Amino acid sequence: MTVRNHRLFRPDGSAVRFVETKNQGGAFAAPEPTHLIIHYTAGGTMSGAVEWFKNPSSQVSAHLVIDHDGEMTQMVRFDRIAWHAGASSWRGKNGLNKHALGIEIANWGLLERTAEGFVSWTGQRVPNSRVVLARHKNFQPNREHAWEVFDQAQFDAAVAAAKALLGAYSIPVENVLGHDDISPVRKQDPGPAFDMRRFRALLLGRDGDGANVMRVESSTGLNLRRGPGTTFETVKNLPNGTRVRLLGSKGSWSEVMELGPNDADAQDGWVHSNWLVEV
Ligand SMILES: [Zn+2]
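Residues 2 to 280, numbered by my numbering, are exactly what the sequence shown covers, in order.
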């Protein structure tokens, strides 16, 4: 996909459907967007979300809404502020709306378990085949909750759209965040059913080739930690020679994802950059 004149276009050159909402503000602070926030709609369909975001009384909107089949609707030009983040902060910035593009993905999100099965907050039944049990990283992290799964088609569409946006506005992958990162007490979206680690790795592009791949060079291995500093807990020791994909950096620390024969077990975290070499 590509961005032209702050609108999104498909690979065949056709424009993504644009339904403008009045729920929008002025220009970004930078003045171009520097961050991208991923959300779930807490609703069933894209059309329901589009109607809600068009409604002036909702006072909310997003740049892009993605349906279960990967279809999408743009509602705010990418050079204008949409109202998706609310009270939020990230690394010294407050009110991320004036910095960030917002993508809403049609998904019920957090579900409730009832005697009849899993239901959304509206009481809509969600079949077991569409439910995953998982812990949220900051919402009641000691217990599992039920979440609606994201469809592969909408995940792929989100990757394609985000790639175009990151390219058009030079947004670094480390500035691709969940609403639950910037409003951790208030918000649970996109939650654990959305594989943010894989999403960010795919945004680095050319998944599977040598892009951003580094190698651990340290005879004693390298500690993979939960954050950028020695005060953060060690997740594991990466043996000498381990290949990692670079996701971002902060000071002399690199955020990486371990690359191994079994992707499902791959861990992500932070390592000191001194012991990483180019492959
Ligand atoms: Zn949200």
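Even glycine gets a Cβ: it sits at the ideal position worked out from N, Cα and C.
Quick caveat, the model's predicted, so the values are computed rather than measured.
Near ligand 1: residue i beta-carbon under 7 Å from a heavy atom
i, result
"aspartate 190", "yes"
"histidine 40", "yes"
"histidine 180", "yes"
"histidine 64", "no"
"alanine 85", "What sits at residue 85 in the sequence shown is histidine, not alanine. Yes, since a heavy atom of ligand 1 falls inside the 7 Å radius drawn around the Cβ of histidine 85."
Distance CB(residue i)-CB(residue j) smaller than 8 Å
i, j, result
"leucine 9", "alanine 162", "yes"
"histidine 36", "asparagine 129", "no"
"isoleucine 67", "methionine 76", "no"
"valine 280", "valine 217", "no"
"alanine 63", "histidine 100", "no"
"valine 174", "arginine 201", "yes"
"valine 133", "tryptophan 109", "no"
"isoleucine 285", "phenylalanine 29", "For residue 285 there is no data in the structure shown, the boundaries of the chain being 2 and 280."
"alanine 135", "proline 193", "yes"
"glutamine 125", "glycine 71", "no"
"alanine 116", "methionine 2", "no"
"alanine 43", "tryptophan 91", "no"
"glycine 103", "isoleucine 38", "yes"
"proline 57", "tyrosine 170", "no"
"leucine 204", "leucine 167", "yes"
Where in the region 181 to 261 do unbroken runs of the alpha helix (DSSP H), each at least 4 residues long, occur, reported from the N-terminal end onward? Listed in chain order, the complete alpha helix (DSSP H) runs (minimum 4 residues) inside the region 181 to 261 are 197 to 204.
Let me know the alpha helix (DSSP H) ranges lying completely inside the region 31 to 58, each 4 residues or longer, listed in chain order. With a minimum length of 4 residues, the continuous alpha helix (DSSP H) runs that stay inside the region 31 to 58 are 47 to 55.
For the pair the region 228 to 244 and the region 267 to 278, tell me if three or more CB-CB distances fall below 8 Å. Remark: three or more beta-carbon pairs, one from each stretch, lie closer than 8 Å, so the region 228 to 244 and the region 267 to 278 are flagged as touching.
Ignoring anything shorter than 3 residues, give me the beta strand (DSSP E) runs that lie fully in the region 73 to 101, in order along the chain. Along the length of the region 73 to 101, whole beta strand (DSSP E) runs at least 3 residues long occupy 73 to 75 and 81 to 83, reported in chain order.
Counting pairs of beta carbons, one from the region 130 to 148 and one from the region 2 to 20, are three or more of them closer than 8 Å? Under the Cβ criterion (8 Å, minimum of three pairs), the region 130 to 148 does not count as touching the region 2 to 20.
Counting only runs of 3+ residues fully inside the region 107 to 151, write out the beta strand (DSSP E) ranges in chain order. Complete beta strand (DSSP E) runs here, min 3: 111 to 115, 118 to 120, 132 to 136 and 145 to 149.
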